[in-house]
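Trainee: Counting in our numbering, the sequence shown runs from 56 upward without gaps.
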Amino acid sequence: VKECGRVLGGGGVFEDGPTGRPYVANPTVEELAQSLQVLGALESLAGELACVAATDAEIAEVSALCEQMNNAPEAFDPLEYFKLDMAFHRKIIVAARNAPLIATHAQYNARLWRARFISSKRRGGRNSALGQHIDIIDALRRRDATETARQMRRHLETTVVHITAAYENAEQR
């Protein structure tokens, strides 16, 4: 358990409290925004590399995940929807075929899991994310590395906006 805490703590998921007991980290919006900038750069690079390395079958799998999300009913379980969203991103990362990128992305994504889940639960965020996913897939299908990278980065920049809004709404309550 202590080793698991050390590994996750190094990823920013947990922090040590005053008594030495770990607790779930609660980063500020600014800290989240900075981490999302890094994640955006990682996903942008992955999109670029996936244009060269991904198979047509992998691109079809990414597209199918987007279609599942698009066809999900309004009352679809938010956690299940989020899992589809994360699978969409992971498939692109894996299709880049770059081991250090995959490992670094996993670390940052674990750190940002809670914030990204909060963002995905926002109705407006869900609709804009779907549109951006379609833009990503279109660029990926064309094997347009520059456009895929741009769309991936834009998608993560939008996540910052949604997380900021969610935190502001929570503070107002």
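The beta-carbon is built from N, C-alpha and C at its ideal position, and this holds for glycine as well.
Do I189 and C106 come within 8 Å of each other at the CB atom, strictly closer than that value?
Mentor: no
Trainee: If you run the structure through DSSP and keep just helix, strand and coil, what is A109?
Mentor: A109 sits in coil when the DSSP states are folded into three classes, being neither helix nor strand.
Trainee: Should T203 be labelled buried (16 or more other beta-carbon atoms within 10 Å of its own) or exposed?
Mentor: buried
Trainee: Quick check on this structure: which residue in T201, R197, H210, R169 has the alpha carbon closest to the alpha carbon of Q187?
Mentor: H210
Trainee: With C-beta atoms as the reference, is A101 less than 8 Å away from L156?
Mentor: yes
Trainee: Tell me whether E98 is buried or exposed, calling it buried when 16 or more other Cβ atoms sit within 10 Å of its Cβ.
Mentor: buried
Trainee: Where do the ends of the alpha helix (DSSP H) carrying R171 lie?
Mentor: 154 to 176
Trainee: What is the C-beta distance between Y222 and S175, in whole angstroms, given that I count them as a contact (C-beta under 8 Å)?
Mentor: Rounded to whole angstroms, the Cβ separation of Y222 and S175 is 14 Å, and the two are not in contact under 8 Å.
Trainee: Span of the alpha helix (DSSP H) holding E135?
Mentor: 133 to 150
Trainee: With 16 as the cutoff for other CB atoms within 10 Å, does Q111 come out buried or exposed?
Mentor: Here residue 111 is Asp; the residue named in the question, Gln, does not match the sequence. Result: exposed.
Trainee: Taking buried to mean at least 16 other C-beta atoms within 10 Å of its own C-beta, is N125 buried or exposed?
Mentor: exposed
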